[in-house]
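Visitor: Just so you know, we're using this note's numbering here: the sequence shown kicks off at 303 and counts up by one.
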Amino acid sequence: MDRMRGAGLSGTQLKGIALCSMLADHLAALVLAFWIRSAGLPKESGWHLFYRILRAAGRPAFPIYAFLLVEGFRHTRAPRRYLARLTAFALISEIPYDLAYRNRPADRAGQNIFFTLAIGLAVLLLLEHFRERPLLRAASLAGGCLAAMLLRTEYDMFGVLLITVFHLLREEPLRRTLAVAPLLMYETWNLWCAGLAALIPIGWYNGERGKARRPLFFYWFYPVHLFLLYLLRRLVLRL
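Here is the structure:
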């Protein structure tokens with residue numbers, strides 16, 4: 303059912319929700335976890351519960367970004383330029399990501415979320431290119447999942463699958479929700495299935511892009527905030 307224009311949440315507002323969710327998660331994973339470890343706090347400490355609450359609050363971030371990636375793909379007039387932008391920010395973000403998560407400027411143990419998004423977008427391009435060739439479409443999805451696993455990107459195969467499901471069921475909100483919910487439950491089972499919370503703001507999406515004075519802000523926020531959290535841990539916690 304079409305919503306009244308202006309009602310619900312715009313794409314920019316969804317990005318803001320995802321950004322806050324991601325920030326809560328990264329504060330817990332990149333600062334609080336190190337402080338708890340250095341302080342030697344027992345698992346019964348309230349700080350451990352607070353840590354888990356923040357990590358749970360961060361679980362809706364990726365599903366929202368995956369959904370918005372599909373919406374961006376649907377409306378962009380230059381999908382290859384979109385892919386190039388994601389790839390560029392994947393490369394820009396890799397040093398801050400490795401510093402934040404590995405305490406070194408280069409580490410092959412894992413790659414940042416922009417790589418997952420870029421691979422997911424590449425899969426969508428192939429799915430549309432091979433629209434009438436189901437075997438090649440299946441091979442494209444399998445190849446994307448394999449690439450994410452080999453590169454060890456954040457959310458790896460799960461991320462690519464989630465993006466694909468959002469795309470294939472983009473015109474069927476109810477079926478999309480029913481298909482996505484089990485994936486989110488499985489991925490966030492150890493954090494109270496908190497990923498399911500992403501379906502609430504996604505369900506309120508009104509189809510409008512929204513106003514963004516600085517469109518690249520949400521791109522730059524990712525590497526910049528990772529580097530700042532790394533500095534916070536180094537300078538304040540001395541770790």
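Glycine residues also receive a C-beta, built at the ideal position from the N, C-alpha and C atoms.
Predicted model only: the values in this text are computed from it and were never measured.
#1: Would you list the residues sitting across from R413 in a DSSP beta bridge?
#2: Along the chain, where does the alpha helix (DSSP H) that runs through T389 open and close?
#3: One question on the structure: do A358 and A320 come within less than 8 Å of each other, judged by their Cβ atoms?
#4: Give the straight-line distance between the Cα atoms of E489 and G497, rounded to the nearest whole angstrom.
#5: Nearest by alpha-carbon distance to R383: which of S442, E456, A335 and A424 is it?
#6: Leaving out five residues on either side along the sequence, give the residues of the same chain with a beta carbon under 6 Å from the beta carbon of I415.
#7: Which ranges does the alpha helix (DSSP H) cover as unbroken runs of at least 4 residues, wholly within the segment 496–533, from first to last along the chain?
#8: What distance in whole Å lies between the Cβ atoms of N508 and S312, which are believed to be in contact at a cut-off of 8 Å?
#9: State the CB to CB distance for the pair A420 and A392, rounded to an integer number of angstroms; the pair is presumed to be in contact (CB under 8 Å).
#10: So, for A335: in the same chain, excluding its five sequence neighbours on each side, which residues have a beta-carbon less than 8 Å away from its beta-carbon?
#11: Could you give the first and the last residue of the continuous alpha helix (DSSP H) run that contains S347?
#12: L356 and A326: beta carbons closer than 8 Å?
#13: In chain order, what are the residue ranges of uninterrupted alpha helix (DSSP H) at least 4 long that sit wholly in the segment 456–494?
#14: With a Cβ-Cβ cutoff of 8 Å, do A408 and D400 count as a contact?
#15: Can you say whether R540 is buried or exposed, counting buried as having 16 or more other CB atoms within 10 angstroms of its CB?
#16: Going by CA-CA distance only, name the one from L429, A514, A330 and E434 that's closest to H317.
#17: Return yes when the Cβ of S442 is within less than 8 Å of the Cβ of L452, no when it is not.
#18: For L539, does the three-state DSSP call read helix, strand or coil?
#19: Does the distance from the C-beta atom of R472 to that of V333 stay below 8 Å?
#20: Which residue or residues does DSSP assign as beta-bridge partners of L429?
#21: Does the Cβ-Cβ distance between G310 and W506 come in under 8 Å?
#22: Does the beta carbon of L453 sit closer than 8 Å to a beta carbon anywhere in chain B?
#23: Suppose contacts are defined by Cβ-Cβ distances below 8 Å. Is L438 in contact with L464 by that definition?
#24: If we call anything under 8 Å between Cβ atoms a contact, is F468 one with V482?
#25: In terms of residues, what are the limits of the alpha helix (DSSP H) holding R435?
Guide: So, from the data block:
#1: Within the sequence shown, the letter at position 111 stands for residue 413. Inspection of the sequence shows that residue 413 is occupied by Gln rather than by Arg. T455.
#2: Residue mapping note: residue 389 aligns to position 87 of the sequence shown, counting from 1. Start and end: P381 to R404.
#3: Counting from 1 along the sequence shown, the entry for residue 358 is found at position 56. Counting from 1 along the sequence shown, the entry for residue 320 is found at position 18. The beta carbons of A358 and A320 sit no closer together than 8 Å.
#4: Position 187 of the sequence shown, counting from 1, holds the residue named residue 489. Position 195 of the sequence shown, counting from 1, holds the residue named residue 497. Rounded to whole angstroms, E489 and G497 show a C-alpha spacing of 8 Å.
#5: Here residue 383 refers to the residue found at position 81 when the sequence shown is read from its first residue. With distances taken between Cα atoms, R383 lies closest to A424.
#6: Counting from 1 along the sequence shown, the entry for residue 415 is found at position 113. By the criterion of a C-beta distance shorter than 6 Å, I415 is surrounded in its chain by E456, once the five residues flanking it on both sides are discounted.
#7: Listed in chain order, the complete alpha helix (DSSP H) runs (minimum 4 residues) inside the segment 496–533 are 501–505.
#8: Here the question's residue 312 lines up with position 10 in the sequence shown. Here the question's residue 508 lines up with position 206 in the sequence shown. That belief holds up - the Cβ atoms of S312 and N508 are roughly 6 Å apart, short of 8 Å.
#9: Residue numbering aside, residue 420 sits at position 118 when the sequence shown is read from its first letter. Residue numbering aside, residue 392 sits at position 90 when the sequence shown is read from its first letter. Sure, about 5 Å apart at Cβ, within 8 Å.
#10: Along the sequence shown, read from residue 1 onward, the residue named residue 335 stands at position 33. Y353.
#11: The sequence position of residue 347 within the sequence shown is 45, counting from 1. Boundaries cannot be given for S347, as no alpha helix (DSSP H) includes it and DSSP labels it neither H nor E.
#12: On the sequence shown, position 54 is the one that residue 356 refers to. On the sequence shown, position 24 is the one that residue 326 refers to. In this structure, A326 lies closer than 8 Å to L356 by Cβ.
#13: Runs of the alpha helix (DSSP H) inside the segment 456–494: 458–470 and 475–489.
#14: Here residue 408 refers to the residue found at position 106 when the sequence shown is read from its first residue. Here residue 400 refers to the residue found at position 98 when the sequence shown is read from its first residue. Judged by their CB atoms, A408 and D400 are nearer to each other than the 8 Å cut-off.
#15: Taking the first residue of the sequence shown as position 1, residue 540 is located at position 238. By the neighbour-count rule (16 or more Cβ atoms within 10 Å), R540 is not buried but exposed.
#16: In the sequence shown, residue 317 corresponds to position 15, counting from 1. According to the sequence as given, residue 317 is Lys; it is not His. For the residues L429, A514, A330 and E434, the minimum Cα distance to K317 belongs to A514.
#17: Start at 1 with the first residue of the sequence shown, and residue 452 comes out as number 150. Start at 1 with the first residue of the sequence shown, and residue 442 comes out as number 140. No, the pair does not count as a contact, with Cβ atoms beyond the cut-off.
#18: The residue given as residue 539 occupies position 237 in the sequence shown. Reduced to three states, the DSSP call for L539 is coil.
#19: Taking the sequence shown and counting its residues from 1, one reaches residue 472 at position 170. Taking the sequence shown and counting its residues from 1, one reaches residue 333 at position 31. Cβ distance not < 8 Å, so R472 and V333 don't count as in contact.
#20: Here residue 429 refers to the residue found at position 127 of the sequence shown. In the DSSP output, where bridge partners are listed per residue, L429 has none listed.
#21: For the purposes of this step, residue 310 is identified with residue 8 of the sequence shown, where counting begins at 1. For the purposes of this step, residue 506 is identified with residue 204 of the sequence shown, where counting begins at 1. Yes, they are a contact pair.
#22: Protein chains in the displayed structure number just one, and chain B is not present.
#23: By one-based count along the sequence shown, residue 438 stands at place 136. By one-based count along the sequence shown, residue 464 stands at place 162. No; because the gap between Cβ atoms is not below 8 Å, this pair is not in contact.
#24: Walking along the sequence shown from the start, residue 468 turns up at place 166. Walking along the sequence shown from the start, residue 482 turns up at place 180. Cβ atoms of F468 and V482: closer than 8 Å.
#25: Taking the sequence shown and counting its residues from 1, one reaches residue 435 at position 133. Here R435 belongs to no alpha helix (DSSP H), and DSSP marks it neither H nor E.
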